[in-house]
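A quick write-up on the structure given underneath.
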Amino acid sequence: MDLDKLRDMCLSFPGVTEGIKWEDHLCFMVGEKMFCITSADGTWQGASLKVTPEDFDELTARPGITPQAYMAHNKWVNITGFKSLKEAEWKHYVRQSYDIIRSKLPKKIQKELGE
Numbered sequence: 111m112d113l114d115k116l117r118d119m120c121l122s123f124p125g126v127t128e129g130i131k132w133e134d135h136l137c138f139m140v141g142e143k144m145f146c147i148t149s150a151d152g153t154w155q156g157a158s159l160k161v162t163p164e165d166f167d168e169l170t171a172r173p174g175i176t177p178q179a180y181m182a183h184n185k186w187v188n189i190t191g192f193k194s195l196k197e198a199e200w201k202h203y204v205r206q207s208y209d210i211i212r213s214k215l216p217k218k219i220q221k222e223l224g225e
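Residue numbering for the sequence shown follows this note's numbering, beginning at 111 and increasing consecutively.
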């Protein structure tokens with residue numbers, strides 16, 4: 111995985127937008143809610159994602175993955191390097207993060223986003 115692949119993957123999901131927050135964080139959003147955060151300039155070779163409570167415990171026990179500061183109570187993890195997960199795992203966890211955030215949007219907005 112690298113920044114370009116991560117960006118392409120995130121933007122392939124329905125209704126995803128991207129934006130810069132906090133000066134240098136590239137954020138991918140669905141319905142204006144973030145589901146993936148990474149470095150805008152590629153200096154941070156990883157990402158933060160929302161995961162399920164079960165995955166949170168499992169992932170944070172692995173090297174290179176820590177609870178995300180200020181967001182751990184919401185089950186966000188910080189993946190400190192693109193090599194911390196295999197490419198199939200990246201695909202799974204990025205999609206899962208998108209699905210979790212999307213499922214919490216109002217039904218009307220979910221319907222507008224389509225499949």
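For glycine and all other residues, C-beta sits at the position ideal for the given N, C-alpha and C.
Under 6 Å Cβ to Cβ from residue i, same chain only, skipping five residues before and after it: list those, please.
i       : result
Phe-123 : Tyr-208
Gly-125 : Val-140 and Leu-223
Trp-200 : Met-111
Gly-174 : Thr-190, Gly-191 and Ser-194
State yes or no: is the C-beta of residue i within less than 8 Å of the C-beta of residue j?
i       : j       : result
Leu-159 : Val-204 : yes
Lys-185 : Pro-163 : yes
Pro-177 : Val-161 : no
Gln-220 : Arg-212 : yes
Can you give me the Cβ contacts of residue i inside the same chain, cut-off strictly under 7 Å, excluding the 5 residues immediately before and after it?
i       : result
Ala-157 : Leu-116, Cys-146, Ile-147, Thr-148 and Ile-189
Glu-142 : none
Trp-154 : Thr-148
Output the boundary residues of the alpha helix (DSSP H) element that contains residue i.
i       : result
Ala-198 : 197-213
Lys-217 : 217-223
Glu-65  : This structure does not reach residue 65, given that the chain is present from 111 up to 225, and the question cannot be answered.
Met-144 : Run containing Met-144: none in the alpha helix (DSSP H); it sits in the beta strand (DSSP E), 143-149.
Val-115 : Looking at the sequence shown, residue 115 is not Val but Lys. Start and end: 113-121.
If you follow the beta strand (DSSP E) that residue i is part of, which residue opens it and which one closes it?
i       : result
Lys-131 : 126-131
Ser-73  : As shown, the chain starts at 111 and ends at 225. That puts residue 73 outside it, with no answer to give.
Phe-138 : 135-140
query: At a cut of 8 Å, does the stretch 147-158 reach the stretch 123-138 through at least three beta carbon pairs?
result: yes
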